[in-house]
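Novice:
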Amino acid sequence: MTFTIKVPASTANLGPGFDSVGLALNRHLVLSCTSSDQWRFRYQSPGYETLPTDQNNFIYRIYRKTASIYGFPDPEPAVHIDITTDIPLERGLGSSAAAIVAGIELANYLLGLQLTTAEKARLASCFEGHPDNAGASVYGGLTVGTHSEEDTVIIPCGVPPIDVILMIPDNHLLTEASRNLLPERLDFYEAVRGSSLANVLVACLVRGDIEKLSHIMACDVFHQPYRIKAVPDLETVTAYLSGEPCGVALSGAGPSIAILTKKNKGEAIREKLAHRFPNYTIDLLHPESQGACVYEGC
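Just so we're aligned, residue 1367 is where the sequence shown starts under the working numbering, counting upward by one.
1) Mind checking S1402: buried by the 16 CB within 10 Å criterion, or exposed?
2) Could you tell me if A1473 is buried or exposed, where buried requires 16 or more neighbouring beta carbons within 10 angstroms of its beta carbon?
3) In the DSSP assignment, find the alpha helix (DSSP H) that holds V1504 and state where it starts and stops.
4) Taking only the alpha-carbon atoms, compute the straight-line gap between T1666 and E1556 and give it to the nearest angstrom.
5) Tell me whether G1507 counts as near the ligand SAM, meaning its Cβ is closer than 8 Å to at least one heavy atom of that ligand.
6) Is it buried or exposed for Q1590, if we count other Cβ within 10 angstroms and need 16 for buried?
7) Classify N1474 as helix, strand or coil using the three-state DSSP reduction.
8) Given 8 Å as the limit, is there contact between the stretch 1486–1501 and the stretch 1638–1653, that is, 3 or more CB pairs closer than that?
9) Would you mind listing the beta strand (DSSP E) stretches within the stretch 1378–1427 that are 3+ residues and don't spill past its ends, in chain order?
10) Quick one, which of A1640, A1596 and I1520 has its alpha-carbon nearest V1387's?
11) According to DSSP, is Y1436 helix, strand or coil?
12) From L1567 to A1390, what distance separates their C-alpha atoms?
13) Indicate whether I1528 and I1470 have their beta-carbon atoms separated by less than 9 Å.
14) Between which two residues does the alpha helix (DSSP H) holding K1628 run?
15) Classify K1631 as helix, strand or coil using the three-state DSSP reduction.
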């Protein structure tokens, strides 16, 4: 038995769309799976050398959690998994969400669970704690979601006509550490303003209205004002690109910075940024229309 699981990376929040808006990107986590007499995970990509290769592996633990939920406390068979990925760890590109979705897909395939896409998204959101990265990795494209202990609703919104430039620093930023910077409460009127900004953000993305998007992404009140102390270059980049038709925001919890611009216009901005910020890896990416998928063979 051989099969392959492919899960896209994602960027989330995009300013005011905190814990709700996600966008799948054309970077991927790929699991090449083969029947074996024991579980083994072998990473083929740099940056993942320290991760567990046995049953302590995060993907395996998600697989076991999913199996247990559906009545398989000690699931078989064992699988050897070769993993390749171009999603960097702890950089705000949904590496943990992609691993969660891969673990769910692994259980769904091996145990014949026949989960619907909505059920996979619900599970991934429960494991992740929010639906933005998880929803994008499951569905592909742009997703907007809401999540609670009782329910998860994620709406796929197609593929926006944009380019995405990612500025990826060398340093890591744990999501938990980034969340510790956030306030416990927000003033009611600030929350109302933040909600309206998130609504307009989604409308701008769906319509490809970069001019309005560039203003909206910079007006977030939910998380960026508090996380700026951990990613001070966000303000510098925003000011540097003030004359360009693009929106700038943290990618997820950071420390990567996402720049959204019109389709086919991203390379010029990428080159401009590369000249000014040589300490970053700066890549031109595109929205990924295909969500997580499983296919026979490796």
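A virtual CB, placed ideally from N, CA and C, is assigned to each residue, including glycine. Remember, it's a predicted structure, so these values are computed and weren't measured experimentally.
Specialist: For this structure:
1) What you label residue 1402 is simply residue 36 of the sequence shown in a count that begins at 1. Answer is exposed; the Cβ neighbour count stays below 16.
2) Counting from one through the sequence shown, the residue named residue 1473 turns up at place 107. So A1473 ends up on the buried side.
3) Within the sequence shown, numbered from 1, the residue matching residue 1504 stands at position 138. From DSSP, the alpha helix (DSSP H) with V1504 extends over D1498 to Y1505.
4) Only positions 1367 to 1664 of the chain appear in this structure, which leaves residue 1666 out of reach.
5) Of the ligands one can find in the structure shown there are none, so the ligand SAM has no counterpart to examine.
6) Counting from one through the sequence shown, the residue named residue 1590 turns up at place 224. That one is buried.
7) Position 108 of the sequence shown, counted from the first residue, corresponds to residue 1474. Residue state, collapsed to three classes: helix.
8) no
9) 1383–1401 and 1406–1409
10) Taking the first residue of the sequence shown as position 1, residue 1387 is located at position 21. When only C-alpha atoms are compared, the closest one is I1520.
11) Here residue 1436 refers to the residue found at position 70 when the sequence shown is read from its first residue. Reduced to three states, the DSSP call for Y1436 is coil.
12) Your numbering for residue 1567 matches position 201 in the sequence shown. Your numbering for residue 1390 matches position 24 in the sequence shown. Whole-angstrom Cα-Cα distance: 16 Å.
13) Taking the sequence shown and counting its residues from 1, one reaches residue 1528 at position 162. Taking the sequence shown and counting its residues from 1, one reaches residue 1470 at position 104. In this structure, I1470 does not lie closer than 9 Å to I1528 by Cβ.
14) To locate residue 1628, count along the sequence shown from 1; it is residue 262. That residue, K1628, is in no alpha helix (DSSP H); its beta strand (DSSP E) goes I1623 to K1628.
15) The residue you call residue 1631 lines up with position 265 of the sequence shown. It is coil, neither helix nor strand.
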